[in-house]
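Below is one structure, written out as structure tokens; the observations come after it.
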Amino acid sequence: MTDLYAVIGNPIAQSKSPQIHAAFARELGYDLRYEAILAPREGFAAAVTAFRAAGGKGLNVTVPFKLDAFALATERTERAEQAGAVNTLKFDGGVILGDNTDGAGLVRDIEDRLGFALRGKRVLIMGAGGAARGVVLPLLHEQPASVTIANRTVEKALALERRFAPFGPEGGDYARLAGRQFDLIVNATSASLTGELPALPPGVFAAGSLAYDMVYGDEPTRFLVHARQNGAAQVADGWGMLLAQAAESFLLWRGVRPDIRPVIGMLRGR
Ligand code: NDP
Numbered sequence: 025m026t027d028l029y030a031v032i033g034n035p036i037a038q039s040k041s042p043q044i045h046a047a048f049a050r051e052l053g054y055d056l057r058y059e060a061i062l063a064p065r066e067g068f069a070a071a072v073t074a075f076r077a078a079g080g081k082g083l084n085v086t087v088p089f090k091l092d093a094f095a096l097a098t099e100r101t102e103r104a105e106q107a108g109a110v111n112t113l114k115f116d117g118g119v120i121l122g123d124n125t126d127g128a129g130l131v132r133d134i135e136d137r138l139g140f141a142l143r144g145k146r147v148l149i150m151g152a153g154g155a156a157r158g159v160v161l162p163l164l165h166e167q168p169a170s171v172t173i174a175n176r177t178v179e180k181a182l183a184l185e186r187r188f189a190p191f192g193p194e195g196g197d198y199a200r201l202a203g204r205q206f207d208l209i210v211n212a213t214s215a216s217l218t219g220e221l222p223a224l225p226p227g228v229f230a231a232g233s234l235a236y237d238m239v240y241g242d243e244p245t246r247f248l249v250h251a252r253q254n255g256a257a258q259v260a261d262g263w264g265m266l267l268a269q270a271a272e273s274f275l276l277w278r279g280v281r282p283d284i285r286p287v288i289g290m291l292r293g294r
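Numbering (the working numbering), first residue to last: 25 to 294.
Laid out in structure tokens, this is it:
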């Protein structure tokens, strides 16, 4: 029987996950079905129950259900616990395993696809929302020299500093970055969606630095244009992270991590 997977969210029509997983299945020669489920805002658990009853093996979970998925999981990976949100569910008998693949996706994209080694690097994360929170620990695992979190609402950056205190990330506002340089600057804000730029002081891009925007689209984001003009050696948008987090979900479900490189060109610009 063909194995069944899906992405669940509200809205869901914009999701690229069905295309991505279909491409992974083609690449690996797997026979699987991957659907998109629009669940009512108050109907997440019921939709998951119906999906499992239909033989569903795993779900990708998107806005606004990542906290519902966290609560529904009967077991959770450490990275899901640390992120405080679940974007992947795996059904195995009576067990609902909750995982969060966003941080691993970012790290795999940066290290494997872009060839940028994180060890010993000075890392700046802009933003302190759900996306930033999910990537702090996976980035720290790669043993960078430092991780700094800057956010417009400074209390949220300080809350992340406290949450990950044993591992030593530093939180604060953008003004505190004046006079400092970073090797990797990750834009984990949604500013690029509205063409805005976080209040980065001049001179933050170190020689050889990588600027990474989690937002993806057809055109380079304002942050990436700014980064190029201000000394970043390499820039990347969020397509790679989107694909790499999907590949991590695929790995959890099927035990094989697909190669995202053949797929990225196919999706860009669609
Ligand atoms: P949240 O709404 O939880 O957080 C938004 C963050 O952006 C906050 O820190 C907010 O600051 C900051 N922000 C928004 N506008 C501005 C601005 N004009 N200047 C400075 N800071 C700003 O969103 P998420 O954390 O869930 O997601 C952030 C982005 O990451 C989204 O655009 C999303 O599309 C993208 N993303 C991409 C993924 C991928 O696979 N490529 C995966 C996950 C997310 P404040 O606290 O002050 O409001």
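Heads up, the beta-carbon is just placed ideally off N, CA and C, and yes, glycines get one too.
- Annotation: A128 to E166 spans about 11 Å, alpha carbon to alpha carbon.
- Rounded to the nearest whole angstrom, the CA to CA distance from L161 to A212 is 14 Å.
- The Cβ-Cβ distance between A251 and A235 falls below 8 Å.
- Within its own chain, the residues whose Cβ lies closer than 8 Å to the Cβ of V119, once the five positions on either side in sequence are excluded, are T98 and E99, listed in chain order.
- Within the same chain, and ignoring the five residues on either side of I284 in sequence, the residues whose Cβ sits closer than 6 Å to its Cβ are L267, A268 and A271.
- When DSSP reads this structure, S41 sits in no beta bridge, so it has no partner.
- If only uninterrupted alpha helix (DSSP H) runs of at least 4 residues are considered, those enclosed by the segment 82-137 are 90-96, 102-107 and 126-132.
- When the beta-carbon positions are compared, L184 and G196 stay at least 8 Å from each other.
- By the criterion of a C-beta distance shorter than 7 Å, D133 is surrounded in its chain by G264, M265 and A268, once the five residues flanking it on both sides are discounted.
- Annotated three-state conformation of A71 is helix, per DSSP.
- Annotated as distal: K114 and L221, with beta-carbon spacing of 8 Å or more.
- In the DSSP secondary-structure assignment, M150 is bridged to A174 and N211.
- An exposed status is given to F191, since fewer than 16 other beta-carbon atoms sit within 10 Å of its beta-carbon.
- Not one heavy atom of ligand 1 is found less than 7 Å from the C-beta of Q205.
- When only Cα atoms are considered, A223 and G151 end up about 11 Å apart.
- Counting only residues of its own chain and dropping the five nearest sequence neighbours on each side, P286 has a CB closer than 7 Å to the CB of E51.
- No heavy atom of ligand 1 is found nearer than 7 Å to the CB of Y54.
- Per DSSP, the continuous alpha helix (DSSP H) segment holding A268 begins and ends at W263 to R278.
- Membership of I284 in any beta strand (DSSP E) is not indicated, and neither H nor E is assigned to it by DSSP.
- The DSSP assignment places 178-187 as complete runs of the alpha helix (DSSP H) inside the segment 178-233, in order along the chain (cut-off: 4 residues).
- For a cut-off of 8 Å, the C-beta gap from D126 to A156 is around 10 Å, too long to register as a contact.
- The set of residues with any CB-heavy atom separation to ligand 1 below 6 Å comprises, in chain order, D126, G151, A152, G153, G154, A155, A156, N175, R176, T177, K180, A212, T213, S214, A215, L217, E220, P222, M238, V239, Y240, G262, M265, L266 and Q269.
- If you draw a straight line from the Cα of G241 to the Cα of G289, it is about 13 Å long.
- L161 sits in a helix when the DSSP states are folded into three classes.
- Pairing I61 with A95, the inter-Cα distance amounts to about 19 Å.
- At the C-beta level, N124 and A141 stay beyond 8 Å of one another.
- If you look at V249, you'll find it in the alpha helix (DSSP H) that goes R246 to Q253.
- In this chain, the beta strand (DSSP E) harbouring L28 covers D27 to G33.
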